[in-house]
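Visitor: Quick one: structure below, then a few questions.
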Amino acid sequence: MNIDTIIIGTGVAGTAIATKLLESNPTSNILMLEAGDKQTMRDFSLFQNFLVTNKLPNDSNTIYDAFCDLDYPKQETIGENQSNGNTQIPLQGGRLFMYGGSTGHWGGWSFRLKPEDFKLKTNTGKGIDWPIDYYDLEPFYLEAEHFIGVSGNNNDPTFDNLQYPYNEFPFTIEDGPYIDAFKKLGINHSNLPIARYGLPKTAIINEQFHAPCQTTGTCKYCPFGSRYVAANNLDELIQKGSYPNFKIITNAVVKEVLMESKNKASGIIYYDKNSNKEVKIYSNKIILAAGAIESAKILLRSESENWKDGIGNDKGLVGRNLVSHPYFFFKATLPKNEKMLQPQMGFPTLVSRHYDSAEEQWDGKFILINPVSSPKVNLAKSMSKGMKKDEIINSINQNVTVQIQGMLEVFSHRDNRVLNSDKRNRFGLNETIINFSKDENFDNRMNYIQSVVAKIFEEMGAKNTTMEMSTSWRADHAACTTRMSDSPNNGVVDKNLRVHGVDNLYVCSNSSFSSLGAVNPTLTLTALALRLGSYLNKQ
Amino acid sequence: MEFEKKLNAIHEKLQKAIELELTTIPPYLTAMYSIKKDTNNKVSNVIRSVFMEEMLHMVLAANLLISSGGKVKLGIDNIPNYPCRLMFKGKEFRDREFDINLGALSKENLEIFLKIELPDFLSDLKLLEIKKIIIPGYTIGEFYNGIKEDLTKLVEEFGIEKVFAGKHENQLSEDYFWKARGKIEVVKNLEDAIKAIDLIVEQGEGATVSLDKFSNDLFEAHYFKFNEIYHERSYAVDDDPRNPPTGEKFSIDYENIYPIKTNCKSSDFSEQPDLKNLNDRFNYNYTIMLNQLEEGFNGNPKVFYTAIMNGMHNLSPLAVAMMQTPINGDPQNRHGAPSFEWQKIN
Amino acid sequence: MYKNLIFMAKYNIDAKYMVANSLNELNEDAIEKLWKLFQSIEKFWGNDENIDRMKSNFIVFLSNRIEIDYNYLAEYSNAINVIEELTNELGDKDAYIKLLTDPSANISPPTTRLARARQLVSNEFISLYLSLGGFKHFGSKLNYQGYFGGANTEKVIPYRTNKDIK
Numbered sequence: 402m403n404i405d406t407i408i409i410g411t412g413v414a415g416t417a418i419a420t421k422l423l424e425s426n427p428t429s430n431i432l433m434l435e436a437g438d439k440q441t442m443r444d445f446s447l448f449q450n451f452l453v454t455n456k457l458p459n460d461s462n463t464i465y466d467a468f469c470d471l472d473y474p475k476q477e478t479i480g481e482n483q484s485n486g487n488t489q490i491p492l493q494g495g496r497l498f499m500y501g502g503s504t505g506h507w508g509g510w511s512f513r514l515k516p517e518d519f520k521l522k523t524n525t526g527k528g529i530d531w532p533i534d535y536y537d538l539e540p541f542y543l544e545a546e547h548f549i550g551v552s553g554n555n556n557d558p559t560f561d562n563l564q565y566p567y568n569e570f571p572f573t574i575e576d577g578p579y580i581d582a583f584k585k586l587g588i589n590h591s592n593l594p595i596a597r598y599g600l601p602k603t604a605i606i607n608e609q610f611h612a613p614c615q616t617t618g619t620c621k622y623c624p625f626g627s628r629y630v631a632a633n634n635l636d637e638l639i640q641k642g643s644y645p646n647f648k649i650i651t652n653a654v655v656k657e658v659l660m661e662s663k664n665k666a667s668g669i670i671y672y673d674k675n676s677n678k679e680v681k682i683y684s685n686k687i688i689l690a691a692g693a694i695e696s697a698k699i700l701l702r703s704e705s706e707n708w709k710d711g712i713g714n715d716k717g718l719v720g721r722n723l724v725s726h727p728y729f730f731f732k733a734t735l736p737k738n739e740k741m742l743q744p745q746m747g748f749p750t751l752v753s754r755h756y757d758s759a760e761e762q763w764d765g766k767f768i769l770i771n772p773v774s775s776p777k778v779n780l781a782k783s784m785s786k787g788m789k790k791d792e793i794i795n796s797i798n799q800n801v802t803v804q805i806q807g808m809l810e811v812f813s814h815r816d817n818r819v820l821n822s823d824k825r826n827r828f829g830l831n832e833t834i835i836n837f838s839k840d841e842n843f844d845n846r847m848n849y850i851q852s853v854v855a856k857i858f859e860e861m862g863a864k865n866t867t868m869e870m871s872t873s874w875r876a877d878h879a880a881c882t883t884r885m886s887d888s889p890n891n892g893v894v895d896k897n898l899r900v901h902g903v904d905n906l907y908v909c910s911n912s913s914f915s916s917l918g919a920v921n922p923t924l925t926l927t928a929l930a931l932r933l934g935s936y937l938n939k940q
Numbered sequence: 061m062e063f064e065k066k067l068n069a070i071h072e073k074l075q076k077a078i079e080l081e082l083t084t085i086p087p088y089l090t091a092m093y094s095i096k097k098d099t100n101n102k103v104s105n106v107i108r109s110v111f112m113e114e115m116l117h118m119v120l121a122a123n124l125l126i127s128s129g130g131k132v133k134l135g136i137d138n139i140p141n142y143p144c145r146l147m148f149k150g151k152e153f154r155d156r157e158f159d160i161n162l163g164a165l166s167k168e169n170l171e172i173f174l175k176i177e178l179p180d181f182l183s184d185l186k187l188l189e190i191k192k193i194i195i196p197g198y199t200i201g202e203f204y205n206g207i208k209e210d211l212t213k214l215v216e217e218f219g220i221e222k223v224f225a226g227k228h229e230n231q232l233s234e235d236y237f238w239k240a241r242g243k244i245e246v247v248k249n250l251e252d253a254i255k256a257i258d259l260i261v262e263q264g265e266g267a268t269v270s271l272d273k274f275s276n277d278l279f280e281a282h283y284f285k286f287n288e289i290y291h292e293r294s295y296a297v298d299d300d301p302r303n304p305p306t307g308e309k310f311s312i313d314y315e316n317i318y319p320i321k322t323n324c325k326s327s328d329f330s331e332q333p334d335l336k337n338l339n340d341r342f343n344y345n346y347t348i349m350l351n352q353l354e355e356g357f358n359g360n361p362k363v364f365y366t367a368i369m370n371g372m373h374n375l376s377p378l379a380v381a382m383m384q385t386p387i388n389g390d391p392q393n394r395h396g397a398p399s400f401e402w403q404k405i406n
Numbered sequence: 116m117y118k119n120l121i122f123m124a125k126y127n128i129d130a131k132y133m134v135a136n137s138l139n140e141l142n143e144d145a146i147e148k149l150w151k152l153f154q155s156i157e158k159f160w161g162n163d164e165n166i167d168r169m170k171s172n173f174i175v176f177l178s179n180r181i182e183i184d185y186n187y188l189a190e191y192s193n194a195i196n197v198i199e200e201l202t203n204e205l206g207d208k209d210a211y212i213k214l215l216t217d218p219s220a221n222i223s224p225p226t227t228r229l230a231r232a233r234q235l236v237s238n239e240f241i242s243l244y245l246s247l248g249g250f251k252h253f254g255s256k257l258n259y260q261g262y263f264g265g266a267n268t269e270k271v272i273p274y275r276t277n278k279d280i281k
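So the sequences go chain by chain: W, U and E.
Here this note's numbering is used: the first residue of the first sequence is 402, the next is one more, and so on.
Here this note's numbering is used: the first residue of the second sequence is 61, the next is one more, and so on.
Here this note's numbering is used: the first residue of the third sequence is 116, the next is one more, and so on.
Shown next, in the form of structure tokens:
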């Protein structure tokens, strides 16, 4: 039997697409390939291990079982990958080579892009516009919020017609001082929408009925499976037993896509780590859902007579225009903390998208978060040091560090790109070469952000605003390397995520974003995936 | 005191209800574990959902017991040994008795499951012998309805506050998520109690009163789901519940069921370290889980989470590992299976 | 000559990898001793209240640690031996205080038996203790990382919100 669809990657994008295709045609022949391995989820021992050691099962314990890129090579260590340009984007820990993809360790923040994000070029002259607009994606945002189970506030004025499946998590007492300061300064703020199942509104069983979040705060390894993880979702699809021709193969490293002619893909070659063999598989259509870095690299390394520089790369755009999010950390000191405010949960509840607005788009939108670690109190650490109870209490109720963190939108440049290295990593994949240089305006923008943050801290009564540590460029938010466009002259895929010039090859990943905005990409990715599923069902 | 006596009688029945539900859980789990991974998914999903609902019933019965001031006992004296005799004492000297086994999924075991879940309105079976758990009522439904009547009479006589004087915060509530049909009800008064009992009966038998008054999802009840598996056929929408299903056929791949020995005991594995080790660990986890459930109901609800997650989650890999392992020297080449015995914590 | 000989407490001796035959399964006695260490955490930082409600979870924790890494059997045996030696030297109460607070036990890497008992055993017990409710002694009354606060329901929110006065 011919395979109808190959999906490369078992993250949330691949999972959403598979779900849609199977809903429409349960006997559809779909093969999902995953370069990584399966990891044990919802295991109570692993949860307790995380609790006391702060180590996730997918943190690099040994080089044999790690699920992430290693650090770049240093003098003392071998490392992996290569970074060029004036700014290093650390790949280590960014993406997970794992069944379920990076949802295995994500925080669950689920933001929609705003209407102006889709018109970046029109509004600022930078980058390109998306070939679709917010309203095209709106119904799929709603579907995505139900698919991954987002807890949010339906009265959030940031968007119209919100219908979150679960109620928002109310602001914590720690959010209080920030909210008071926001109000005084006229800064909008809202509940952070988060992919954590809550209590369902009805008691009727539903195939996707999941354990509600029990606020354990150990979100990165949720023992209940309440924070969305594609791995659990895939397990359920298989467990249903309703999809006889749906198959997932792990430890399958895709080398390249095969073309039977210039505009028709025929299949793929993958390397099966279990049998140490190369395998060729043919199918009617192929969807790359392998993350922004690998999806672009797969296209690039699929060279043939018809596509000398890689599929879809005649204009030299594949892998280019790489953007990511700089994540910034500010702190200040609060002299008095009489209410003994300290972290209660493992996820933030308060966000301000005030500066994530049309007005700020030109200079760079940014969001502000009250992070989970604020105010900085670590009881376990203090007690492990042998501090007495009184000392600990004193260290909490005065001179406590408070934090504001956030992300900034930066703009695509042609020379910021990803490439294949000839070296192979432990998984048998080509290593990655990243060229990335930050914009010359970046530091100015950060100064402005610092002044905004300083005002907020001041209003809270906190002193000495400083940058707590250097800005981290988040590889997990890499995007735009196979961006969507109307014309093949300025993008790689069309508005239906189909590679320009090829009839049956799609890229559904953050790489297909035309721009990244100031927010985490996962909800948008899920919406695009569900939309692609709908589109394919109609063909 | 009159009140005390009557209340104690109800407490005994509720404790019995808890034990009854607990009795059904190991057989359902064993049947479920005996299905090889990724085969017969429809069947394992059905058994899983039935088992989850039996846990829910146990929890509801415990909530009822606590709400009326009783204490839950889940100790070594309250868990069954297998084969376990169930005896239902009906009216007019009609009794039912049969053995429940820990065994692989098979037509014989399905027949037993059908007997356990037999609805009131379908009962016209006859049977044999003696006791281990004596249920006052010809069917589970009749038993629970009896408790309902007892509670109603007691409330009429002595009032709600006197009857439902237990610590409500010790009950399991909807927070403690339940992946099954039905919500966990905290029981604070007679209305809550009736709701809880009706839910148990409906989920098991499909009807609380009689054939004329059943809900639309009659065929979702345990008895009917088991019947579908037994006949390898789904119910059609307008099927008569008194007859076998006539809807879509499906097949059960009995080749992909582990050939386990029925009613294993730990003594079966005394000469075989791998099975002994697995069985001991299984029983250890099972015992801790029961301990924590008991502890949770009796005043420390925070341990429920650990009981359910740690316990439940640990049990299946151990069970499956056992079922994949042949018993040394077994004349029929049977594989091992957990014995669900009480294991002293050490 | 003998005046200059300083007796080296065994817990200051370099910890070598435990030889297998010094390992025992954790028996009831060992569990009780570890439980006593756990209780000493409450004694030192809490209100010295009865924490029996944490005991079953504590036992589950021990069994899970060993399951994840068999070496924990050795570490628990070591911790018990260290406590015994400290008790003989300092008496019941001060033995635990030394284990929980002595800075020499915080050396990194933990090369002495005392340091291993602190960093691999009592520090982990501290994290567990906090997550089972011990955090309440430090002001955060409702929730803490690792504590099963409960679901976010309309009636009860399992953490202090900004609407809470205290």
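The beta carbon of each residue, even a glycine, is placed where N, CA and C say it ideally should be.
Here the structure is a predicted model, which is why all the values come from computation and not from measurement.
Excluding sequence positions up to five away, which residues of its chain have a Cβ less than 6 Å from the Cβ of U/Y245?
Guide: Position 185 of the second sequence, counted from the start, is the residue given in the question as residue 245 of chain U. The sequence given here places Glu at residue 245 of chain U; Tyr does not occur at that position. So the list reads D252, K255 and A256, once near-sequence residues are dropped.
Visitor: Taking any Cβ of chain U, which residues in the segment 639-670 of chain W have a Cβ under 9 Å from it, in chain order?
Guide: Listed by position, the residues of the segment 639-670 of chain W near chain U (Cβ gap below 9 Å) are I639, Q640, K641, G642 and S643.
Visitor: Are three or more beta carbon pairs between the segment 477-489 of chain W and the segment 822-836 of chain W nearer than 8 Å?
Guide: As far as the Cβ criterion goes, the segment 477-489 of chain W touches the segment 822-836 of chain W, which means the pair count is three or higher.
Visitor: Counting contacts by CB-CB distance shorter than 7 Å, is U/E221 in contact with chain E?
Guide: Here the question's residue 221 of chain U lines up with position 161 in the second sequence. No, its Cβ sits nowhere closer than 7 Å to a Cβ of chain E.
Visitor: So E/F263 contacts chain U; which residues on that side make the cut at Cβ distance below 7 Å?
Guide: For this step, residue 263 of chain E is matched to residue 148 along the third sequence. The answer, in chain order, is K362 and Y365.
Visitor: List, in chain order, every chain U residue whose beta-carbon is nearer than 7 Å to that of W/P624.
Guide: Along the first sequence, read from residue 1 onward, the residue named residue 624 of chain W stands at position 223. Going along chain U in sequence order, the residues near W/P624 (Cβ under 7 Å) are M369.
Visitor: Comparing the C-beta of W/Q449 with each C-beta of chain E, is any distance below 7 Å?
Guide: Sequence index remark: in the first sequence, residue 449 of chain W carries index 48 (1-based). So yes, W/Q449 belongs to the interface.
Visitor: Cβ of W/C620 within 7 Å of Cβ of W/F748?
Guide: Your numbering for residue 620 of chain W matches position 219 in the first sequence. Your numbering for residue 748 of chain W matches position 347 in the first sequence. Yes, Cβ-Cβ distance for W/C620 and W/F748 is below 7 Å.
Visitor: Please classify W/V778: does DSSP put it in a helix, a strand, or coil?
Guide: On the first sequence, position 377 is the one that residue 778 of chain W refers to. Three-state DSSP puts W/V778 in coil, outside helix and strand.
Visitor: Checking the sheet assignment: what are the DSSP bridge partners for E/R233?
Guide: For the purposes of this step, residue 233 of chain E is taken as residue 118 along the third sequence, with counting starting at 1. DSSP output for E/R233 lists no bridge partner at all.
Visitor: Does the beta-carbon of U/K186 have 16 or more other beta-carbons within 10 angstroms, so that it is buried, or is it exposed?
Guide: In the second sequence, counting from the first residue as 1, residue 186 of chain U sits at position 126. Unreliable positioning characterises U/K186 in this predicted model, as indicated by a pLDDT of 32, which lies under 50. A coordinate reading is not provided.
Visitor: According to DSSP, is W/Q609 part of a helix, a strand, or is it coil?
Guide: Position 208 of the first sequence holds residue 609 of chain W. Because W/Q609 sits at a pLDDT of 47, beneath the cut-off of 50, its placement in the model cannot be relied upon, and the point is left open.
Visitor: For W/S484, which three-state DSSP category applies?
Guide: On the first sequence, residue 484 of chain W is found 83 positions in, with the first residue counted as 1. Strand at W/S484.
Visitor: Does DSSP classify U/H395 as helix, strand or coil?
Guide: Mapped onto the second sequence, residue 395 of chain U falls at position 335. The answer is strand: DSSP assigns U/H395 an E or B state.
Visitor: Roughly how many whole angstroms lie between the Cα atoms of E/Y274 and W/L723?
Guide: Counting from 1 along the third sequence, the entry for residue 274 of chain E is found at position 159. Counting from 1 along the first sequence, the entry for residue 723 of chain W is found at position 322. Cα-Cα distance, rounded: 40 Å.
Visitor: Just to confirm my understanding: we take W/G807, look at its own chain, exclude 5 residues before and 5 after, and list those with CB closer than 7 Å. What are they?
Guide: Looking up residue 807 of chain W in the first sequence gives position 406. Contacts found: F729, F767, I768, L769 and I770.
Visitor: How long is the line joining the alpha carbons of W/A928 and W/K896, rounded to whole angstroms?
Guide: Translated into positions along the first sequence, residue 928 of chain W becomes position 527. Translated into positions along the first sequence, residue 896 of chain W becomes position 495. For W/A928 and W/K896, the distance between alpha carbons rounds to 13 Å.
Visitor: If I measure Cβ to Cβ from U/P86 and keep anything under 6 Å in the same chain, skipping five residues before and after, which residues do I get?
Guide: Residue mapping note: residue 86 of chain U aligns to position 26 of the second sequence, counting from 1. So the qualifying residues of the chain are L162 and F400.
Visitor: Which of helix, strand or coil does DSSP assign to E/L138?
Guide: Translated into the one-based positions of the third sequence, residue 138 of chain E becomes position 23. Low local confidence applies: a pLDDT of 49 at E/L138 is under 50, so the model's placement there is unreliable, with the coordinate-based value given in what follows. Here E/L138 sits in coil by DSSP.
Visitor: What is the DSSP secondary structure of W/S359, counted as helix, strand or coil?
Guide: In the structure displayed, chain W extends from 402 to 940; residue 359 of chain W sits before or after that span and is not available.
Visitor: Look at U/G219 and U/S128 and say whether their C-beta atoms are less than 7 Å apart.
Guide: Indexing the second sequence from 1 puts residue 219 of chain U at position 159. Indexing the second sequence from 1 puts residue 128 of chain U at position 68. Going by C-beta atoms, U/G219 is not nearer than 7 Å to U/S128.
Visitor: Ignoring anything shorter than 4 residues, give me the alpha helix (DSSP H) runs that lie fully in the segment 642-708 of chain W, in order along the chain.
Guide: Whole alpha helix (DSSP H) segments, 4+ residues: 692-702.
Visitor: Is it the case that the Cβ atoms of W/D505 and W/A690 are separated by a distance below 7 Å?
Guide: Stepping through the first sequence from its first residue, residue 505 of chain W is reached at position 104. Stepping through the first sequence from its first residue, residue 690 of chain W is reached at position 289. Correcting the residue identity first, residue 505 of chain W is Gly in this sequence and not Asp. Cβ atoms of W/G505 and W/A690: not closer than 7 Å.
Visitor: Please list, in chain order, the residues of the segment 160-188 of chain E that have any C-beta partner in chain U closer than 7 Å.
Guide: Residues passing the 7 Å Cβ filter: R168, S171, N172, I174 and V175.
Visitor: Please state whether DSSP places U/S270 in a helix, a strand or coil.
Guide: Indexing the second sequence from 1 puts residue 270 of chain U at position 210. In this prediction, U/S270 has a pLDDT of 49, which is less than 50 and means its spatial position is unreliable; what the coordinates show is noted afterwards. Three-state result, U/S270: coil.
Visitor: DSSP puts W/V908 in a beta bridge; with which residues?
Guide: In the first sequence, residue 908 of chain W corresponds to position 507, counting from 1. DSSP output for W/V908 lists W/L689 as bridge partner(s).
Visitor: Suppose you measure from the CA of U/V269 to the CA of U/D180; what does that come to, to the nearest Å?
Guide: Walking along the second sequence from the start, residue 269 of chain U turns up at place 209. Walking along the second sequence from the start, residue 180 of chain U turns up at place 120. Low per-residue confidence applies at U/V269: pLDDT is 47, beneath 50, and the placement is therefore not dependable, though the value from the model is reported in the following sentence. Going from the Cα of U/V269 to the Cα of U/D180 covers about 8 Å.
Visitor: Taking U/N230 as the reference, give the member of U/V103, U/G356, U/Y318 and U/Q392 with the closest Cα.
Guide: Walking along the second sequence from the start, residue 230 of chain U turns up at place 170. The candidate whose alpha carbon is nearest that of U/N230 is U/G356.
Visitor: Measuring only between beta-carbons, confirm whether U/Q352 sits less than 7 Å from chain E.
Guide: Numbered from 1 along the second sequence, position 292 holds the residue referred to as residue 352 of chain U. Output row for U/Q352: interface = yes.
Visitor: Are the Cβ atoms of U/H71 and U/I260 separated by less than 7 Å?
Guide: For the purposes of this step, residue 71 of chain U is identified with residue 11 of the second sequence, where counting begins at 1. For the purposes of this step, residue 260 of chain U is identified with residue 200 of the second sequence, where counting begins at 1. Contact flag unset, no.
Visitor: What's the C-alpha gap between U/Y365 and U/V247?
Guide: Counting from one through the second sequence, the residue named residue 365 of chain U turns up at place 305. Counting from one through the second sequence, the residue named residue 247 of chain U turns up at place 187. Taking the straight line from one Cα to the other gives about 20 Å.
Visitor: Could you confirm whether any beta carbon from chain U is found closer than 7 Å to the beta carbon of E/L138?
Guide: Numbered from 1 along the third sequence, position 23 holds the residue referred to as residue 138 of chain E. Residue placement at E/L138 cannot be trusted, given a pLDDT of 49 that sits under 50; what the coordinates show is reported in the next sentence. Output row for E/L138: interface = no.
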